[in-house]
Amino acid sequence: MKIAIVGATGAVGQQMLQCLEERNFDCDLKLLASARSKGKVFSYRGKDVVVEELNEHSFDDVDYALGATENDLTKKWMPWAQKNNVIVVDNSSAFRLDPDVPLVIPEINPEDIAKNHGLIANPNCATIIALVALNGLNKRYKIKRIICSTYQAVSGAGVKGIKDLENQSKDPSIPSQAFQYQIAYNLIPQIGSFDDLGISKEEWKMQNEGRKIWHNDDLLVNCTCVRVPIYRSHSESITIECEEEVDVKEAQEIVAKTEGCVLKDDPKNGIYPMPLDTTNQDLVYVGRIRKDISDLTGHSLIVFCCGDQIRKGAATNAVQILEKLVK
Ligand SMILES: NC(=O)c1ccc[n+]([C@@H]2O[C@H](COP(=O)([O-])OP(=O)(O)OC[C@H]3O[C@@H](n4cnc5c(N)ncnc54)[C@H](OP(=O)(O)O)[C@@H]3O)[C@@H](O)[C@H]2O)c1
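Numbering-wise (full-length UniProt numbering), the sequence shown opens with residue 1 and increments by one.
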């Protein structure tokens with residue numbers, strides 16, 4: 001079995017390599033990137049693998065591909081993969097809302113994988129973290145509406161985002177490559193471009209993708225996405241409004257049993273989710289669970305969650321899908 005990682009030198013591609021290795025995935029690897037990276041060498045299960053420049057013949061001998069490039073590039077190479085009947089799990093947002101493309105979080109809708117026609121999309125990173133945190137609560141209380149503020153790490157903008165924070169932490173006058181403004185000692189309430197409603201592209205994703213993953217076209221989401229000067233792991237403050245009346249104690253028990261979640265909820269003793277604690281592991285930490293005192297109906301709950309967006313929000317989720325495909 002030959003697996004290609006497309007965008008193998010980027011933040012997500014490098015993490016995919018590590019995830020496959022950690023899971024002892026038995027395959028030959030092909031690492032693809034731009035001409036800039038041609039000839040770089042990475043190790044996989046004790047063997048050196050040399051990065052190749054992506055071109056239209058890259059997929060001739062490949063069975064599965066993990067995509068970790070930006071949308072424009074993904075759209076360019078996808079037909080080359082499809083011509084060779086390669087099954088692709090893609091991380092970009094290029095095809096996520098295409099009705100013929102399953103959008104999958106394996107803990108939530110693994111059954112959708114079987115509906116693929118050679119392409120499965122990985123959801124947006126903040127969406128994966130929120131939906132994993134909320135999935136058990138959604139089953140019990142039926143979530144109608146989500147109000148979410150995100151605190152998104154610089155690595156969500158790839159290698160350039162990490163470099164910007166490294167550089168500007170030492171010298172704030174170094175210009176940003178990934179962001180509109182200085183990110184060190186700052187935060188930026190913009191991720192992606194804004195539409196006429198004043199909503200950014202990132203802010204639309206949780207509603208559009210959440211509806212598809214939960215198979216609930218009535219789900220309403222209002223999101224404010226903010227880039228913050230931390231390296232890794234997105235955090236999210238989320239208010240949910242449900243069909244059923246909520247109970248805090250029961251909600252904690254539900255979260256503790258939800259697949260992919262860890263309950264970290266003892267605030268009086270200083271226990272709550274923090275991004276440093278979720279970095280470089282695959283689980284979503286959930287805490288600060290409390291009633292929304294501004295909703296007198298008792299149907300609203302607030303949670304705070306953190307998850308490593310390069311792992312569970314991207315690479316690990318894709319490798320989990322690949323594992324199910326291969327089985
Ligand atoms: N970072 C995250 O937390 C995250 C989370 C979820 C989804 N995603 C999505 O995952 C995708 C990758 O993101 P990333 O953060 O890993 O980006 P990144 O760090 O900027 O990496 C981009 C990758 O694309 C390659 N590339 C660029 N131009 C190319 C070309 N002309 N031909 C072939 N390869 C080329 C780069 O290769 P070179 O090194 O050779 O330039 C690099 O391997 C994006 O669609 C992003 O939206 C990212």
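Glycine is no exception: its CB is placed at the ideal position from the N, C-alpha and C atoms.
Since we're looking at a predicted model, the values are computed, not measured.
Helix, strand or coil for residue i? Go by DSSP, reduced to three states.
{"i": "residue 242", "result": "strand"}
{"i": "residue 287", "result": "strand"}
{"i": "residue 121", "result": "strand"}
{"i": "residue 44", "result": "strand"}
{"i": "residue 53", "result": "strand"}
{"i": "residue 300", "result": "strand"}
{"i": "residue 228", "result": "coil"}
{"i": "residue 87", "result": "strand"}
{"i": "residue 143", "result": "strand"}
{"i": "residue 105", "result": "coil"}
Mind checking who residue i pairs with in its DSSP beta bridge?
{"i": "residue 223", "result": "148"}
{"i": "residue 4", "result": "30, 65"}
{"i": "residue 19", "result": "Bridge partners of residue 19: none, in fact."}
{"i": "residue 307", "result": "234"}
{"i": "residue 200", "result": "194"}
{"i": "residue 266", "result": "271"}
{"i": "residue 188", "result": "227"}
For residue i and residue j, what's the separation of their Cα atoms in angstroms?
{"i": "residue 26", "j": "residue 144", "result": "42 Å"}
{"i": "residue 251", "j": "residue 214", "result": "19 Å"}
{"i": "residue 234", "j": "residue 71", "result": "21 Å"}
{"i": "residue 274", "j": "residue 290", "result": "17 Å"}
{"i": "residue 75", "j": "residue 94", "result": "7 Å"}
{"i": "residue 185", "j": "residue 150", "result": "17 Å"}
{"i": "residue 246", "j": "residue 285", "result": "20 Å"}
{"i": "residue 227", "j": "residue 130", "result": "16 Å"}
{"i": "residue 258", "j": "residue 265", "result": "14 Å"}
{"i": "residue 191", "j": "residue 165", "result": "16 Å"}
{"i": "residue 41", "j": "residue 51", "result": "6 Å"}
{"i": "residue 225", "j": "residue 138", "result": "22 Å"}
{"i": "residue 153", "j": "residue 231", "result": "5 Å"}
{"i": "residue 317", "j": "residue 54", "result": "23 Å"}
{"i": "residue 56", "j": "residue 299", "result": "53 Å"}
{"i": "residue 5", "j": "residue 17", "result": "8 Å"}
{"i": "residue 260", "j": "residue 302", "result": "19 Å"}
{"i": "residue 304", "j": "residue 272", "result": "8 Å"}
{"i": "residue 78", "j": "residue 58", "result": "11 Å"}
{"i": "residue 237", "j": "residue 312", "result": "18 Å"}
{"i": "residue 61", "j": "residue 172", "result": "47 Å"}
Regarding residue i and ligand 3, is the C-beta to nearest heavy atom distance less than 7 Å?
{"i": "residue 71", "result": "The model depicted lacks ligand 3 and carries ligand 1 instead."}
Apply the 10 Å Cβ neighbour rule to residue i and answer buried if 16 or more other Cβ atoms are within range, or exposed otherwise.
{"i": "residue 67", "result": "buried"}
{"i": "residue 1", "result": "exposed"}
{"i": "residue 9", "result": "buried"}
{"i": "residue 112", "result": "buried"}
{"i": "residue 175", "result": "exposed"}
{"i": "residue 195", "result": "exposed"}
{"i": "residue 155", "result": "buried"}
{"i": "residue 141", "result": "buried"}
{"i": "residue 99", "result": "exposed"}
{"i": "residue 217", "result": "exposed"}
{"i": "residue 187", "result": "exposed"}
{"i": "residue 14", "result": "buried"}
{"i": "residue 134", "result": "buried"}
{"i": "residue 31", "result": "buried"}
Any contact of the region 81-99 with the region 29-37, i.e. 3+ C-beta pairs under 8 Å? The region 29-37 and the region 81-99 do not touch, with fewer than three beta-carbon pairs separated by less than 8 Å.
I want to know whether the region 297-312 touches the region 41-58 - three or more CB-CB distances under 8 Å. no
For the region 96-105 and the region 199-217, state whether three or more C-beta atom pairs, one from each stretch, are separated by less than 8 Å. yes
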